[in-house]
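What follows is one structure encoded as structure tokens, with my remarks underneath.
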Amino acid sequence: MIQITGAVKFPITLDSTTWIFDDRKIRIEDLEKGVFEGTKPIAFEDNREWNRAILEGQTNPPTLNSEIKYKRRSFLEGTFVINMTPFFKNAEPEKDASIIRLSNEETSVDVPLELLPYLFFQFAKEGKRLYDDNMVDSFVYIPDEGYDYQIKHVTHIEVR
1 MIQITGAVKF PITLDSTTWI FDDRKIRIED LEKGVFEGTK PIAFEDNREW NRAILEGQTN
61 PPTLNSEIKY KRRSFLEGTF VINMTPFFKN AEPEKDASII RLSNEETSVD VPLELLPYLF
121 FQFAKEGKRL YDDNMVDSFV YIPDEGYDYQ IKHVTHIEVR
């Protein structure tokens, strides 16, 4: 677990083990295609998939269980990242804050706060967590510019 500390109204703790179930996660391939957040508004069409057996009746041969297994398998094989914007909004950086310092045991990188919409944490690679201690890798990804401010095994986050 990693805490967001420093010039914030509410220091919060991030638990990367829960992000695999978070709808805001995205595949790294989708990020590179310009998708920055995994959530989509829920519409009736989405509900239809969840209740297909009721709405369409039993299919022959039945396929719903196989489709569910396939979707679960994608969790076990994907490389996932999550945008940090909602977490920092919850922590509420102070008005005079301008830097997010990401650190590990050896080094640190200062990310300008205005780049927050482009700040991502990678927490899974090929369906496996990155580190046994559940720490994450971090980077800024800006379309047409690529990756920047990269740091591996983030253990501390401080807003300055």
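Residue numbers are given in the UniProt record's numbering: position 38 of the sequence shown equals residue 38, and the series is strictly consecutive. Glycine residues also receive a C-beta, built at the ideal position from the N, C-alpha and C atoms.
Roughly how many whole angstroms lie between the Cα atoms of residue i and residue j?
i	j	result
isoleucine 42	glycine 146	Here the model assigns isoleucine 42 a pLDDT of 45, short of 50, so the residue's position is not dependable, and the following value carries that caveat. Their Cα atoms are separated by approximately 31 Å.
glycine 38	tyrosine 118	14 Å
phenylalanine 121	valine 136	6 Å
glycine 127	glycine 78	5 Å
residue 163	proline 86	A question about residue 163 goes unanswered here, because the residues of the chain that appear run from 1 up to 160.
glutamate 92	methionine 84	12 Å
aspartate 23	phenylalanine 36	12 Å
serine 108	asparagine 134	18 Å
proline 143	glutamate 32	7 Å
Considering Cα atoms alone, identify which of the options is closest to residue i.
i	options	result
methionine 1	Arg129, Arg160, Ala97 and Gln150	Arg129
phenylalanine 139	Gln150, Trp19 and Ser98	Gln150
asparagine 104	Val154, Asp22 and Lys9	Val154
leucine 113	Tyr131, Thr107 and Ser98	Ser98
lysine 152	Phe123, Lys25, Tyr141 and Ile142	Phe123
leucine 14	Leu115, Ile82, Gly34 and Ile142	Ile82
lysine 9	Phe88, Ile28 and Glu29	Phe88
leucine 115	Glu106, Tyr141 and Lys125	Tyr141
What are the partner residues of residue i, as DSSP defines its beta bridges?
i	result
leucine 102	Val109 and Ile157
glycine 38	The partner list for glycine 38 (beta bridge, DSSP) is empty, contrary to what the question assumes.
glutamine 150	For glutamine 150, which the question treats as bridged, DSSP gives no partner whatsoever.
isoleucine 82	Phe121
threonine 5	Glu158
leucine 14	Ile2
Report the CB separation of residue i from residue j in whole angstroms; it is logged as a contact under 8 Å.
i	j	result
arginine 160	alanine 7	6 Å
isoleucine 157	isoleucine 4	5 Å
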